[in-house]
Each structure stands twice: as C-alpha cells, then as structure tokens.
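*Asks:* Just passing along the structure, written as structure tokens.
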Amino acid sequence: MDRTHIGPTWTQPFPATAESYKNVSLGLSLTALNNDDSWQSPSSEFAFGFQQVEDDGFLLAIWFNKIPEKTIVWSANRNSLMQRGTKVKLTEDVRLVLNDRKGKQIWCADTAGSHA
C-alpha cells in the first residue's frame, strides 16, 4: 500500500505570506512561529497547526477555519503551552510527532491504526 500521501487534498488557509500545501505528504512538518502555517481539511471547515495564545505560548490545535474567531475545537495539552520553535511532523511511518524547540520528543501519535 502506497502511503506517500495521507487522505484527500489539504490546502493552506492563509493567502500570499503562508506556505501552500497541495497534500499533506509524509515527512511534512509545521513549526510554531506564527499563525500563518497550517494544514486545512478538504472542506476547508477545519485547520490543524499551531495557534499562538501568548507571546511565546502556542497550542497544537484543530480549529474552525471558516469563521473569523478561528475557535479551537481540540488541542494537545491545553494546560502546558509550547514555545516558539516547537515542531510537529507527519513521519514517514505515519505518526504525528511533536518535538520541542530543542528537538526533544514531547508527544507521539500513531495515525496509521492497527492492521488486521
């Protein structure tokens, strides 16, 4: 089974200044630098990435993308904000890995599921 791309097409929600994603390919990553970098759902209703909530405090989150408030519907560890430079990566073995700005792994999720 070819796993070079996960799911349907995702696009970037922010114009011009942000990087554009046609697919969320294995090996891609997002870094907590500003709110301009995220992966958008196929319907554009949701986006995934870092949301800056304090000067040097970010949440890895999923939010409603088509409303002005960008309301967060899920976040990883809301009570412990991540610092600028934290990175999340979709690895070649289909895991989401969250590393702090020094490269230390904070969190890891297997997105491939189990195979029967």
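Quick note on numbering: UniProt numbering labels position 2 of the sequence shown as 2, and the sequence is numbered without any gaps.
Glycine included, C-beta positions come from ideal geometry on N, C-alpha and C.
(1) Could you check whether alanine 76 and leucine 90 sit closer than 8 Å to each other, using their CB atoms as the reference points?
(2) Could you please give me the residues that DSSP links to alanine 109 through a beta bridge?
(3) Span of the beta strand (DSSP E) holding glycine 27?
(4) Would aspartate 55 be called buried (16 or more neighbouring beta carbons within 10 Å of its own) or exposed?
(5) In the structure shown, what three-state DSSP assignment does glutamate 69 receive?
(6) Kindly identify the DSSP beta-bridge partner or partners of serine 75.
*Replies:* Looking at the coordinates:
(1) no
(2) Leu96
(3) Unbroken run through glycine 27: none, as it is neither H nor E.
(4) exposed
(5) coil
(6) Ala61
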